[in-house]
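J.: In order, the protein sequence lines correspond to chains A and B.
Count along the first sequence starting at 1, add 948, and that's the number in this note's numbering.
Count along the second sequence starting at 1, add 98, and that's the number in this note's numbering.
Ideal placement from N, C-alpha and C gives every residue a C-beta, glycine not left out.
The structure displayed is predicted, hence computed values, not measured ones.
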Amino acid sequence: MRKIDPDANRFRKIVRGKIRENLKQYVSQGELIARQGKKSVSVPLPQIDLPNFRFGEAEQGGVGQGEGEDGDPVGAEQAEAGPEAGDQPGEHVLEVDVELEELAEILGEELELPNIEPRGTSTILVEKDKYTGITKNGPESLRHFRRTFKEALRRQISAGSYSAENPVVIPNREDRRYRSWNTTKVPQSNAVILYMMDVSGSMGNEQKEIVRIESFWLDTWLRSQYENLETRYIIHDAKAKVVDSHTFFHIRESGGTKISSAYSLAKDLIKKEFSPEDWNIYLFHFSDGDNWGGDDTAHCLELLNKDLLPSVNVFCYGQVKSAYGSGQFIKDLRQAYNENAKVLLSEINSRDEILPSIKTFLGKGH
Amino acid sequence: MFHDRDLTPELSEWKDTIRQVAVDKGLDFFEVSFEMVDYDEMNMIAAYGGFPIRYPHWRWGMQFEELQKQYSYGMAKIYELVINNDPCYAYLMRCNPLVDQKLVMSHVYGHSDFFKNNAWFGKTNRKMVDTIANHAVRINRYIDEHGKDEVEQFIDVCLSVENLLDIHSPYFNEKVKITEDQADKDRLEAKATRISTRNYMEDYINPPEVLAKEKQQIIDRIEEAENFPPDPQKDVLLFLLHHGKLRSWQRDVLSIVRDEAYYFAPQGMTKIMNEGWASFWHSNIMTGGILDSSELIDYADHHAGTMGGGSGKLNPYKLGIELFRDIERRWNTGQHGAEWESCEDAHGRVDWDLKENKGLEKIYSIRSTHNDITFIDEFMTEEFAVQQNLYTYKFDKSQSQYVLESRDFRDVKNRLLDQLSNAGRPQIHVLDGNYGNRGDLLLDHVWTGTPLNLDYARRTLENLEKLWGRPVHLRTQIDGKVKIFGYNGSRHEERNES
Chain A
949 MRKIDPDANR
959 FRKIVRGKIR
969 ENLKQYVSQG
979 ELIARQGKKS
989 VSVPLPQIDL
999 PNFRFGEAEQ
1009 GGVGQGEGED
1019 GDPVGAEQAE
1029 AGPEAGDQPG
1039 EHVLEVDVEL
1049 EELAEILGEE
1059 LELPNIEPRG
1069 TSTILVEKDK
1079 YTGITKNGPE
1089 SLRHFRRTFK
1099 EALRRQISAG
1109 SYSAENPVVI
1119 PNREDRRYRS
1129 WNTTKVPQSN
1139 AVILYMMDVS
1149 GSMGNEQKEI
1159 VRIESFWLDT
1169 WLRSQYENLE
1179 TRYIIHDAKA
1189 KVVDSHTFFH
1199 IRESGGTKIS
1209 SAYSLAKDLI
1219 KKEFSPEDWN
1229 IYLFHFSDGD
1239 NWGGDDTAHC
1249 LELLNKDLLP
1259 SVNVFCYGQV
1269 KSAYGSGQFI
1279 KDLRQAYNEN
1289 AKVLLSEINS
1299 RDEILPSIKT
1309 FLGKGH
Chain B
99 MFHDRDLTPE
109 LSEWKDTIRQ
119 VAVDKGLDFF
129 EVSFEMVDYD
139 EMNMIAAYGG
149 FPIRYPHWRW
159 GMQFEELQKQ
169 YSYGMAKIYE
179 LVINNDPCYA
189 YLMRCNPLVD
199 QKLVMSHVYG
209 HSDFFKNNAW
219 FGKTNRKMVD
229 TIANHAVRIN
239 RYIDEHGKDE
249 VEQFIDVCLS
259 VENLLDIHSP
269 YFNEKVKITE
279 DQADKDRLEA
289 KATRISTRNY
299 MEDYINPPEV
309 LAKEKQQIID
319 RIEEAENFPP
329 DPQKDVLLFL
339 LHHGKLRSWQ
349 RDVLSIVRDE
359 AYYFAPQGMT
369 KIMNEGWASF
379 WHSNIMTGGI
389 LDSSELIDYA
399 DHHAGTMGGG
409 SGKLNPYKLG
419 IELFRDIERR
429 WNTGQHGAEW
439 ESCEDAHGRV
449 DWDLKENKGL
459 EKIYSIRSTH
469 NDITFIDEFM
479 TEEFAVQQNL
489 YTYKFDKSQS
499 QYVLESRDFR
509 DVKNRLLDQL
519 SNAGRPQIHV
529 LDGNYGNRGD
539 LLLDHVWTGT
549 PLNLDYARRT
559 LENLEKLWGR
569 PVHLRTQIDG
579 KVKIFGYNGS
589 RHEERNES
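1. I think E563(B) touches G587(B), with their Cβ atoms under 8 Å apart; what is that distance to the nearest whole Å?
2. Residues in its own chain within less than 6 Å of D577(B) by CB, not counting five upstream and five downstream?
3. With 7 Å set as the bound, which would you pick, yes or no: does the beta-carbon of P549(B) sit closer than that to a beta-carbon of chain A?
4. When you compare the CB of G1275(A) with every CB in chain B, is at least one pair closer than 7 Å?
5. Check the DSSP bridge columns for V130(B) and list the partner residues they point to.
6. For G534(B), count the other beta carbons within 10 Å of its own beta carbon; 16 or more makes it buried, fewer makes it exposed. Which is it?
7. In whole angstroms, give me the CA-to-CA distance for L1170(A) and C1264(A).
8. In whole angstroms, what is the alpha-carbon distance linking R508(B) and V484(B)?
9. Name the chain A residues that come within less than 7 Å of S504(B), Cβ to Cβ?
10. Here's the rule I'm using: 16 or more other beta-carbon atoms within 10 Å means buried, otherwise exposed. How should D1077(A) be labelled?
11. Is there at least one Cβ from chain B nearer than 7 Å to R1002(A)'s Cβ?
12. Using a C-beta cutoff of 7 Å, does P1021(A) count as contacting chain B?
13. Whose Cβ in chain A lies nearer than 9 Å to the Cβ of I526(B)?
14. By alpha-carbon positions, which one of V570(B), W566(B), R513(B), L565(B) ends up nearest to R556(B)?
15. So, with DSSP's three-state summary, where would you put D557(B)?
16. For K579(B), I'd like the list of residues in its chain whose CB is within less than 7 Å of its CB, leaving aside the five on either flank, ordered along the chain.
17. Under 6 Å Cβ to Cβ from Y1181(A), same chain only, skipping five residues before and after it: list those, please.
18. What residue ranges within the stretch 1141-1191 of chain A form continuous beta strand (DSSP E) runs of no fewer than 3 residues, ordered along the chain?
19. Could you run through the stretch 950-961 of chain A and flag, in chain order, every residue whose CB is less than 9 Å away from some CB of chain B?
20. Under the rule that 16 or more other beta-carbon atoms within 10 Å means buried, what is T467(B), buried or exposed?
21. From what residue to what residue does the beta strand (DSSP E) around P327(B) run?
22. Grouping DSSP H, G and I as helix and E and B as strand, with all else coil, what is W1129(A)?
23. Using a C-beta cutoff of 7 Å, does A1033(A) count as contacting chain B?
24. Taking C-alpha atoms, which residue in D1226(A), H1233(A), W1227(A) lies nearest to K1206(A)?
25. Nearest-angstrom Cα distance between L993(A) and E1154(A)?
26. Could you check which residue in W1240(A), S1212(A), E1043(A), E1295(A) has the C-alpha nearest to that of V989(A)?
27. Under 8 Å, CB to CB, which of the residues in the stretch 371-398 of chain B have a partner in chain A?
28. Using a beta-carbon distance below 7 Å, is A555(B) in contact with chain A?
29. If contact is defined by three or more beta carbon pairs under 8 Å, each pair taking one atom from either stretch, is the stretch 374-381 of chain B in contact with the stretch 182-199 of chain B?
30. Using a Cβ cut-off of 7 Å, which residues of the stretch 230-256 of chain B contact any Cβ in chain A, in chain order?
31. Nearest CA to the CA of S1208(A): which residue from L1310(A), S1235(A), E1017(A), K1219(A)?
32. Tell me which residue opens and which closes the beta strand (DSSP E) that K581(B) is part of.
33. Where does Q1173(A) land, buried or exposed, given buried means 16+ other C-beta within 10 angstroms?
34. Measuring straight from C-alpha to C-alpha, what distance separates N430(B) and Y207(B)?
35. Can you pull the chain A residues whose beta carbon is under 7 Å from the beta carbon of W158(B), in chain order?
36. Grab me the residues of E1088(A)'s own chain with a C-beta within less than 8 Å of its C-beta, minus the 5 sequence neighbours each way, in chain order.
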């Protein structure tokens, strides 16, 4: 252990505590999403630095060196950056990299989310190779030096050719041992999330932002639970299509709403790519609750009953409040699936309700 | 002699060579002990402010993570780390090529000379490595006694006010003057009212305990009326140490934080000079025979990297070395003094050379007596500012970015001096330790034209309240109005000065 490790650990603990404390704020502001890297998120922590009396930064100005005319913009960051031997306070807001996994853990602790139990653990099995065995033949790259020399030593001792004064051990062909693998069956932990979003004219920017924030956190949590998580994005108005994540969050269509179009596309996708035997499937659907006529809702229920619900872990429907939506769809679902544990419904009226909604969706641990 | 840890024989030899060159050039330094470290050891020591052992605190961990991140992204790498101590301790990064090690060694001898000879370091503790390790022992003992959380929280509070020092106070050994003013006289002559009576009745009519009590009341009244402190107190930390409501271990922790802050203060006051001086000498030593011709390109590259500004930022290394060189040139050619100042002939000024050759002598004497403020104030000339392309910038609200403001010499110099005053921090004095006659603390922000960051000021007041134990107030200016910000332990308030 290095000398500084206790201090570094202490710092991580404080960071964690601060994020937990302000989780609600981070969630509702949604600013973390823009800061997501591949494996970590950079979290701004303005409250962690030690306060002192200092001048207002913007008013201060300073002295620089270089070319330029009056009024030219100067370097992007004039504040003295970089820590120097610890006697200068940092002038910038502290940003800390937090692993996505850790963020998920914090979310889990704060919302008291149960760990997800993969559906049918025993039924979805996958074969995995593990290097646990030893054989006499194999490629040189897998040669096991210790075992090889042990064999040679044993042979030499039993043959009497080993001398303690001159302990030279020379393995021959027969002494060589190689690592080999055994195939074991382990429970599969593949999961796919299908996000579906209503992009009809009534879903405004704020509604999409809510969907975006909620999806980010759902994603973060589920990723921490599964080794291999796939995501697919479906948008729909009167027609549905599969898009990439960028389009999913930024597109604005306008038109009528036919929810069944998305459900039937989801059905096809599951059939084609994600067979329920191999995948844990999560369906999330966000809409403002407006659907086209009574017929389509009936069609939706039929699709859910016959095709979707039997093959998925859980079906989550989040209804975002919008100025134009009637909000009828959630009532229909509630009526139809009052008792069904696989169907989770939540209404999200504002950003503050994102956290409770996540809790509703993930709190059961399916 | 002491030993250098892990120095290879080759580096050991170079060290002796460079040391001898430095001596020959007139540098007079504390001996330097070099230690070879890996990058994460280097980052660790840097996170500890250069010291091998410090008290436990999360802040070191934070700095360490930041340094590790910067290093792993290739954004920054620490080249040199040297501690003002006798002997000087300096660290060399194991993975650096020989030319870098030679450069760092030469640079470090420059720093060591500066530490030893500059007057502003005259009062610093030269056994600070030991002292700081002792601080760690003391704080660890308090952690054992009072628990980690409590001590850590208190350290956080102390660090929040660690810059409320009087950076000049170590240089004055002035004893606190005890003048017998009117209040003292009154106090001495305080008398209770005695009712005249016959002797045998004395104890009944004028009981001694009643008289003593009344006398005490009079003294209390006099003391209340006094200003406390009599003059604004610049060393806020010292004032808190003497008068704050602290437990004895807290007092000791606060004094540790204060001692360490005073140790680092002169480094802040001489940053430009110190780095300039070390760079001047590494350049001089390296190009004076230490550098192998095959290393020239690498040396030039790294030297230029250290001197580089980038995005118009003022680099203390660059400013310092250029100013020392300019002074050396001026005193070599005699371009100073009244005659030079009054010469208005452009050609005459260019060709001016009295062959005084007093350049080196001059810069040696400057490094002994000046600090950054006096250095800039006395030696930065208009020609220098023009030649160095200096300018001032300000924050332009309409563009919400910094823009170039002016190249006027006086503006540049004034802004620079402003920034260097009190290490660029606001000056805060204790105005009253019995504010409102309630034992509150009143601090004064000495107005220099720049407003405080109020968010930080409020949070700092919260910490000061914990040290003072009673409500605290800060007088400052916002939008041309004098305001008093207060915090009473649960609530912030803000009002105009009556």
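T.: So, from the listed chains and residues:
1. The residue you call residue 563(B) lines up with position 465 of the second sequence. The residue you call residue 587(B) lines up with position 489 of the second sequence. About 5 Å; that satisfies the 8 Å criterion.
2. The count along the second sequence starts at 1 and reaches residue 577(B) at position 479. Cβ neighbours of D577(B) beyond the five flanking positions: none.
3. In the second sequence, residue 549(B) corresponds to position 451, counting from 1. Output row for P549(B): interface = yes.
4. Residue 1275(A) sits at position 327 when you count from the first residue of the first sequence. So no, G1275(A) is outside the interface.
5. Locating residue 130(B) in the second sequence gives position 32, counting from the first residue. Partner(s): C186(B).
6. Here residue 534(B) corresponds to residue number 436 of the second sequence, with the count starting at 1. When all chains shown are included, G534(B) counts as exposed.
7. The residue labelled residue 1170(A) in the question sits at position 222 within the first sequence. The residue labelled residue 1264(A) in the question sits at position 316 within the first sequence. Cα-Cα distance, rounded: 14 Å.
8. Within the second sequence, the letter at position 410 stands for residue 508(B). Within the second sequence, the letter at position 386 stands for residue 484(B). R508(B) and V484(B): Cα-Cα distance of roughly 11 Å.
9. Residue numbering aside, residue 504(B) sits at position 406 when the second sequence is read from its first letter. Within chain A, the residues near S504(B) are D1018.
10. Stepping through the first sequence from its first residue, residue 1077(A) is reached at position 129. By the 10 Å Cβ count, D1077(A) comes out exposed.
11. Position 54 of the first sequence holds residue 1002(A). So yes, R1002(A) belongs to the interface.
12. Taking the first residue of the first sequence as 1, we reach residue 1021(A) at position 73. Cβ-Cβ to chain B under 7 Å: yes for P1021(A).
13. Along the second sequence, read from residue 1 onward, the residue named residue 526(B) stands at position 428. Per Cβ cutoff of 9 Å: F1001.
14. If you number the second sequence from 1, residue 556(B) lands on position 458. The option with the nearest alpha carbon to R556(B) is V570(B).
15. The count along the second sequence starts at 1 and reaches residue 557(B) at position 459. Checking the displayed sequence, the identity of residue 557(B) turns out to be Arg instead of Asp. Of the three classes helix, strand and coil, the one that applies to R557(B) here is helix, per DSSP.
16. In the second sequence, residue 579(B) corresponds to position 481, counting from 1. Here the set comprises N594.
17. Within the first sequence, the letter at position 233 stands for residue 1181(A). Y1143, V1191, S1193, F1196.
18. 1176-1184, 1188-1191
19. R950, K951, I952, D953, P954, D955, A956, N957, R958, F959, R960, K961
20. Looking up residue 467(B) in the second sequence gives position 369. The residue is exposed, with fewer than 16 neighbouring Cβ atoms inside 10 Å.
21. Position 229 of the second sequence, counted from the first residue, corresponds to residue 327(B). First-last for P327(B): undefined, no H or E at that position.
22. Residue 1129(A) sits at position 181 when you count from the first residue of the first sequence. Three-state result, W1129(A): strand.
23. The count along the first sequence starts at 1 and reaches residue 1033(A) at position 85. Confidence at A1033(A) is low in this model, with a pLDDT of 29, below 50, so its placement is unreliable and no value can be given for it.
24. For this step, residue 1206(A) is matched to residue 258 along the first sequence. Checking every option, the nearest Cα to that of K1206(A) belongs to H1233(A).
25. Within the first sequence, numbered from 1, the residue matching residue 993(A) stands at position 45. Within the first sequence, numbered from 1, the residue matching residue 1154(A) stands at position 206. The straight-line gap from Cα to Cα measures roughly 25 Å.
26. Within the first sequence, numbered from 1, the residue matching residue 989(A) stands at position 41. Taking only the C-alpha atoms, the option nearest V989(A) is E1043(A).
27. none
28. Here residue 555(B) is taken as the residue at index 457 of the second sequence, counted from 1. Taking Cβ atoms only, chain A reaches closer than 7 Å to A555(B), which makes this a yes.
29. no
30. D254
31. Stepping through the first sequence from its first residue, residue 1208(A) is reached at position 260. Of the candidates L1310(A), S1235(A), E1017(A), K1219(A), the one whose C-alpha sits nearest the C-alpha of S1208(A) is S1235(A).
32. For the purposes of this step, residue 581(B) is identified with residue 483 of the second sequence, where counting begins at 1. That run of the beta strand (DSSP E) goes 579-585.
33. Here the question's residue 1173(A) lines up with position 225 in the first sequence. Q1173(A) is buried by the Cβ-count criterion.
34. In the second sequence, the residue the question calls residue 430(B) occupies position 332. In the second sequence, the residue the question calls residue 207(B) occupies position 109. Roughly 24 Å between the two C-alpha positions.
35. As a first step, residue 158(B) is located in the second sequence; it is residue number 60 there, counting from the start. Here the neighbours are I952, D955.
36. Counting from 1 along the first sequence, the entry for residue 1088(A) is found at position 140. Counting only Cβ-Cβ distances below 8 Å, and skipping sequence neighbours, we find nothing.
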